[in-house]
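Numbering-wise, the sequence shown is residues -19 to -1, 1 to 1007 according to mature numbering (1 follows the signal peptide of the UniProt record, and there is no 0).
Report on one structure; see the data block that follows.
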Amino acid sequence: MKRLFWVLAVVWMSSGYNAEACRKPLGIKFGRRALVPDANMTASSHRDSMRAPHHGRLHGPKAWCSKTGSIAGSWIMVSFGERKRVTGIITQGSKKDFIWVTRYRVEYRVKGGPWIKYPKELVGNSIINYPAGNTNMFEPALIAHDFRVHPLDVAGVISGSEKVDFACLRLELLGCKDNDPCSKPNDLTNGWHSNNSYRHGDHVTYSCNQGYRLVGTRNITCYNGEWKGRYPLCIAKCPNLGTIPNGNYTTGVTTGGEVAKFTCTSGHDLIGAMQITCVMGKWGGVRPRCLGGCSDPGTPENGQRIGNDFSNGGSLAFTCDRNFSLDGPSLIKCKAGLWSSQPPQCRASCSDPGIPDQGMRSGDDLRHGGHVYYFCQDGFTMKGRDSAQCVDGNWTTPKPECLANSARHFLDQTTCPDPGFPQHGSRIGYSSFKNMGVVQFMCTREGYDLQGPGAIRCINGTWNAATPTCKARCAPIKPSSNVIVLRPISNRHGSEAVFGCKAGFRLVGSSVLACNDGTWNDSVPVCIRDDDDGNGSGSASGSGNGDDCSDPGTLTNGGRHGNNFSDGQRVSFFCNNGYTLFGVGSVSCDDGEWSGDVPTCRADCQDPGVPVNGGRHGNNFSEGQRVGFFCSSGHVIDGPSEIMCVNGRWSDKKPTCRAGCAQPSTPPNSVLYIGSRKSYYSDQERVFYLCKPGFFLVGMRERQCMGNNWTSVAFKCISTGCGDPGTPLNGQKIGLTYRVRDRVYYTCLPGFRMIGPSKRVCMSNGTWAGYLPHCVASQCPDLPIPQYGVKQVTTTAYKGETSFTCTSRGYELVGSKVRVCLIDGTWSGKQPSCERVICRDPGTPKHGSRAPTFGIFSFRDSVDFSCSQGYTLTGRSRIFCLEDGTWSDKMPVCVGTPKCPVNWQEYNGRCYWFKHETKRNQIWKRLQRRCRKLNARLLSINDSGEWDFIRKHLKSSVSRYAIGLQKTKGSWRWTGGGKLRYAQWSQRDDAGGECVTVRGRDGLFEVVSCRKGLGAYICEKAKRAT
């Protein structure tokens, strides 16, 4: 049925055309105007390379011939690369072989279709017309991309009784291009096209609906039954992004949609994505921010800050006062408006916690965060915790006790003997050394390293390893000048350092030093200059403790300095003029062996000369050296462009410079015929070109050397291209041109995912790379149920949702609450889990402590608070972690007993400051300001008891003290806001002024002018807690 369909299709496409107007040669004929490339002519077989398929061209000097004995089933095929309307065929035999085809049949096909046999057998050539040719016409015309000729009978002029058992043929096909109308073009989602005529040469214009943007080419053209140009897309427009503070953005359109790219102004960093894409009318991401400098992080209490650079990229350093240590990073950096970390705090160190009776302690780090470890002697059991940590000046747990065990306790236990302590170290572990118990060791003295296992285990009464030791490091070695370190220096116990000397120096001392428990086994060697006088005697005595060396010999074409072959001595070598030394220049005797092989003297080469009409690079003719040659303009080098001196001879002869042409350039998509390739071409010489696979040659394939220049290129290699690669079911193909290097892209419809390549490339051999992908329905795998939770699933197909909740109290969902099945068969978001609710660290009150001191606090956990001596707890002493991750109450505070500052006097819960004199007198308002700076105010007297207290602290030598009584709007009022209820006036003469003082000799009130300068005053404030 499929074959019948193609036959009917070809008949329909052949009807309605005038065959008489479509009889032009289709480009097979031999000559410059041949349009069908050699690569497009193939055959079932060929006799030899001189009778290959591409020689089967009409009027050509050669012909195609099949293999001997292969007439039946043989064929020659022509591929046009596009649809042709074939109306006739011209055939010839071979002039060289005198063989021709007398009868043949033909078959043809359109691209992607089956082969169709022409129903008639055709008459070929005879002895009369085999050189000139015979023509057969087709009615109706045949529509084809590919055309085959099958020989049926052959004849020829041969001698004797020989039989013609192979076919020879030359041909040309007649016809024209097939300009068919195009099928209806694809509809555009969210758009439309303007034309309903789809004939050859017609154009269709695409437009998008309102709110959508066209991406791609707006117009496509019908050409030979195919639409030329890629179908465009209508992409939804996204809303305006607005302004970006301290930055800007640009937008553009790609095949994926509209894209916005962001940048920041100088001094600001981009936080977020550098670009976002518009997808379905929405921006696929959050708009980024441009952030600059950081805020002032402050200075830690009991510490200092180094630096004040808060700009972007700036850094600050922190240090602490004595007996305080940093809790946090010592260096923070500003990036994008945020510090790399919170500024550190300065935490107080702890006092020595002591050692329990009948026990021991490991660890001496008393700084904040440091640990100490306790253990008891044999026969004693620990009561309390075996470790404590220093937290801001306080140990998390008190020192434990070591209590005596009962006798029966020991009988029931299998123990190991005390492993002891490494000298300069300590141990951590079970003090009773029970079965399967572990003891850990460390070196506590600075400059010592542990040698042996860091921990041992008690197994059935025996330790699994010996107690390690602490070995001292050796002092660092600083080699003297001219000493070479051959092995890196490590000053740990057991390490070795190996030394040598620079050229011209010799080693005095041991070349290898070993570190043994803090001591090097020998002194550091030195290198002294080798002052050789020809007898091998240097600047120091030459006899070492090792064996002497044998005579190393002398050099052919050279000589030797030095004849002392004893241990530690050195001999050097040299070459005569015209020779070059290969190898080391000197060797030294080391314990009976020379430090290196004896060198050799290799002869230099003679001057190679300079080529006529050329020049030379390089004048060094010694062993291993190279010289290069070049030619003057108008000349080409014939021979090597570079030679090397090897064993006194040059690796090749000097080249010559000849007039002529160098190897010509290769035009795009072509290659130089291999028989034409060489480095030099003489005048009038020709070269020939071939096209690469997937291209056919148009023009003259030869160039000629004229003097020293090539004639210009007179041909092009034209691409054949690829056919339609197809479209996957439930998918789309983007791309309508199929030239070499063109790409097509594939996408799947929503709800389907792709299996296979998403793009394919048209290769130069006329085929598509890869294979056609498949679009399969998206299905996501089943998701697990989180522990302590449940899940609800709508469907696992595309766009299906799975939601999660936690069912147990005190657990919260961490991860995605809802996950959606995506188009690629994966779930969105992150798989959640039900994690225990964790409350943040509630902190520790200043001047107080808490229990537990550290750890992770989850639902129903509690924390107890207490205050240091002299302070009272304000708030709840115990708080609980609730199921929502918050605490049941705020952290309490420790409030100290209220008291007055130093040098202040206390009376009835208030504090008084008596300033008996100042450097210079001040008016009343300025004295009031001085009190305010002390968080106080000028004195207010409310009763006789307070007045009596004040009089006791006055000095009779002081004339007056300023107090806080002033006339305001005709009435006397205290600066603290109260009315005057008590006063002891000396005399009430308001005419004297509006401010009041007390006299030093008796404490009586006296009115003065507020502008009068006073040298003494009294301040008052309430007691405050610390």
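Built from N, CA and C at the ideal position, the CB exists for glycine as well.
Which one of the options has the shortest CA to CA distance from residue i?
{"i": "Lys165", "options": "Arg684, Val694, Ser178 and Cys862", "result": "Ser178"}
{"i": "Val130", "options": "Asp159, Gly340, His174 and Arg84", "result": "Arg84"}
{"i": "Leu730", "options": "Val721, His40, Leu710 and Lys144", "result": "Leu710"}
{"i": "Asp134", "options": "Lys144, Phe128, Asp127 and Val91", "result": "Lys144"}
{"i": "Asp498", "options": "Val568, Gly365, Ala640 and Gln404", "result": "Gln404"}
{"i": "Lys634", "options": "Gln644, Ser622 and Ala640", "result": "Ser622"}
{"i": "Asn746", "options": "Asn21, Cys3 and Arg13", "result": "Asn21"}
{"i": "Phe356", "options": "Pro18, Gly335 and Asp373", "result": "Gly335"}
{"i": "Gly210", "options": "Gly233, Ile216 and His184", "result": "His184"}
{"i": "Thr280", "options": "Asn289, Gly273 and Gly274", "result": "Asn289"}
{"i": "Arg901", "options": "Trp955, Pro879, Gln850 and Leu995", "result": "Leu995"}
Taking the C-alpha atoms as reference points, what is the distance between residue i and residue j?
{"i": "Pro738", "j": "Thr708", "result": "12 Å"}
{"i": "Gln370", "j": "Ser830", "result": "13 Å"}
{"i": "Cys530", "j": "Ile458", "result": "31 Å"}
{"i": "Gln587", "j": "Gly688", "result": "35 Å"}
{"i": "Val489", "j": "Val479", "result": "13 Å"}
{"i": "Ile313", "j": "Gln812", "result": "35 Å"}
{"i": "Ser491", "j": "Gly573", "result": "16 Å"}
{"i": "Trp56", "j": "Thr647", "result": "34 Å"}
{"i": "Ala388", "j": "Asp399", "result": "Residue placement at Ala388 is poorly supported in this model, since its pLDDT is 37, which falls under 50; the coordinates are not used for a value here."}
{"i": "Gly228", "j": "Asp277", "result": "24 Å"}
{"i": "Thr748", "j": "Asp29", "result": "28 Å"}
{"i": "Thr443", "j": "Cys383", "result": "25 Å"}
{"i": "Cys756", "j": "Leu214", "result": "20 Å"}
{"i": "Leu392", "j": "Gly365", "result": "With a pLDDT of 36 at Leu392, under the threshold of 50, the predicted position of this residue should be treated as unreliable, though the coordinate-derived value follows. Rounded to the nearest angstrom, the two C-alpha atoms are 24 Å apart."}
{"i": "Gln773", "j": "Asp763", "result": "11 Å"}
{"i": "Val552", "j": "Arg454", "result": "39 Å"}
{"i": "Pro121", "j": "Trp264", "result": "59 Å"}
{"i": "Leu123", "j": "Ile618", "result": "57 Å"}
{"i": "Thr198", "j": "Ala254", "result": "30 Å"}
{"i": "Ser789", "j": "Gln432", "result": "52 Å"}
{"i": "Thr855", "j": "Pro826", "result": "10 Å"}
{"i": "Ile860", "j": "Ser843", "result": "6 Å"}
{"i": "Thr728", "j": "Met735", "result": "7 Å"}
{"i": "Gln760", "j": "Tyr779", "result": "6 Å"}
{"i": "Ile80", "j": "Glu153", "result": "18 Å"}
{"i": "Arg980", "j": "Val876", "result": "39 Å"}
{"i": "Glu666", "j": "Leu150", "result": "33 Å"}
Which residues does DSSP list as the beta-bridge partners of residue i?
{"i": "Pro6", "result": "Leu155"}
{"i": "Val240", "result": "Gly233 and Thr258"}
{"i": "Tyr179", "result": "Partner(s): none; Tyr179 has no beta bridge."}
Let me know if residue i comes out buried or exposed under the rule of 16 or more other beta-carbons within 10 Å of its beta-carbon.
{"i": "Gln968", "result": "exposed"}
{"i": "Val91", "result": "buried"}
{"i": "Asp250", "result": "buried"}
{"i": "His598", "result": "exposed"}
{"i": "Pro226", "result": "exposed"}
{"i": "Thr692", "result": "exposed"}
{"i": "Leu319", "result": "exposed"}
{"i": "Arg426", "result": "exposed"}
{"i": "Ala385", "result": "exposed"}
{"i": "Gln550", "result": "buried"}
{"i": "Asn558", "result": "exposed"}
{"i": "Leu678", "result": "buried"}
{"i": "Leu169", "result": "buried"}
{"i": "Trp966", "result": "exposed"}
{"i": "Gly515", "result": "At Gly515, the pLDDT of 35 sits below 50, so the modelled position is not reliable; the number obtained from the coordinates is stated separately. Under this definition Gly515 is an exposed residue."}
If you measure from the beta carbon of residue i to each beta carbon in chain D, is any gap under 7 Å?
{"i": "Tyr719", "result": "Here there is only one protein chain, and chain D is not present."}
TODO: Could you name each continuous beta strand (DSSP E) segment of 3 residues or more that falls completely within the segment 276 to 357, going from the start of the chain to the end?
DONE: 284 to 287, 296 to 301, 305 to 308, 312 to 316, 326 to 329, 340 to 343 and 352 to 357
Task: Inside the segment 741 to 812 only - beta strand (DSSP E) runs reaching at least 3 residues - done: 755 to 758, 770 to 774, 782 to 787, 792 to 795 and 799 to 801
Open item on the list: Which complete alpha helix (DSSP H) runs does the segment 857 to 925 hold, if anything under 4 residues is left out?
Closed with: 905 to 914
- [ ] Within the segment 584 to 660, note down every full beta strand (DSSP E) run reaching 3 residues or more, in order along the chain.
- [x] 595 to 598, 607 to 612, 616 to 619, 623 to 627, 637 to 640 and 651 to 653
Open item on the list: Threshold first: 3 residues or longer. Then list the beta strand (DSSP E) segments lying entirely within the segment 51 to 113, N to C.
Closed with: 57 to 73 and 80 to 90
Open item on the list: For a minimum of 3 consecutive residues, which ranges assigned as the beta strand (DSSP E) are wholly contained in the segment 414 to 481?
Closed with: 419 to 424, 429 to 432, 436 to 440, 450 to 453 and 464 to 468
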